[in-house]
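The block underneath contains the structure these notes are about, expressed in structure tokens.
Numbering (this note's numbering), first residue to last: 24 to 147.
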């Protein structure tokens with residue numbers, strides 16, 4: 024027997040809400056500054072009154088700390104394109120702030136990685 028659908032998750036059971044309803048019929052964000060690894064966070068001093076349910080969930084999700092756009096989409100169960108439209112609206116209203124991701128440390132050279140791999144194989 025299948026588990027019951029999760030409440031409030033789009034695309035799962037009776038609670039299906041079409042993406043164009045969530046975004047107010049818009050397919051593109053007001054700003055094109057988001058990629059999958061853009062970090063978003065919500066300041067604690069902004070009230071969520073007047074926000075739609077998805078926008079409110081997004082703000083509450085980002086209050087404890089920064090999440091990437093991809094993580095937000097995954098947690099909310101919404102397509103990334105829909106999340107980008109919602110995020111743009113929330114940035115415009117000051118409910119969400121963004122920042123570039125922290126750059127990853129440079130990868131070691133291939134020779135060093137090969138030496139580590141050779142050493143591991145020698146121990147087996």
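Yeah, the Cβ is synthetic: ideal placement off N, Cα and C, and Gly gets one too.
Residue i: first and last residue of the uninterrupted beta strand (DSSP E) it sits in
i           : result
residue 63  : 62–64
residue 120 : 120–122
Spatial neighbours of residue i in its chain, beta-carbon cut-off 8 Å, leaving aside the 5 residues before and after
i           : result
residue 120 : 63, 64, 65, 66, 114
residue 79  : 71
Residues that residue i bridges to, as DSSP identifies them
i           : result
residue 116 : Answer is none; residue 116 lacks a bridge partner.
residue 90  : 63
9 Å Cβ cutoff met for residue i and residue j
i           : j          : result
residue 101 : residue 84 : no
residue 59  : residue 81 : no
Assigned exposure category for residue i - 16 Cβ within 10 Å defines buried
i           : result
residue 86  : exposed
residue 24  : Model confidence at residue 24 stands at a pLDDT of 47, short of 50, so the residue's coordinates are unreliable; what they give is reported in the following sentence. Exposed, because fewer than 16 other Cβ atoms sit within 10 Å of the Cβ of residue 24.
residue 74  : buried
residue 72  : exposed
residue 123 : exposed
residue 77  : buried
residue 3   : With the chain represented from 24 up to 147, any question about residue 3 goes unanswered, as that position is not in the structure.
Opening and closing residue of the alpha helix (DSSP H) in which residue i lies
i           : result
residue 141 : 133–146
residue 80  : 76–85
Contacts around residue i, its chain only, beta-carbon distance under 6 Å, and the 5 residues preceding and following it disregarded
i           : result
residue 103 : 96
residue 89  : 62, 64
residue 32  : Low confidence applies to residue 32: its pLDDT is 49, below 50, so where it sits in the model is not reliable, and the reading given next is rough at best. Closer than 6 Å at Cβ, skipping near neighbours: 100.
Same chain only: Cβ atoms within 7 Å of residue i, ignoring 5 sequence neighbours per side
i           : result
residue 135 : none
residue 69  : 117, 118
residue 139 : none
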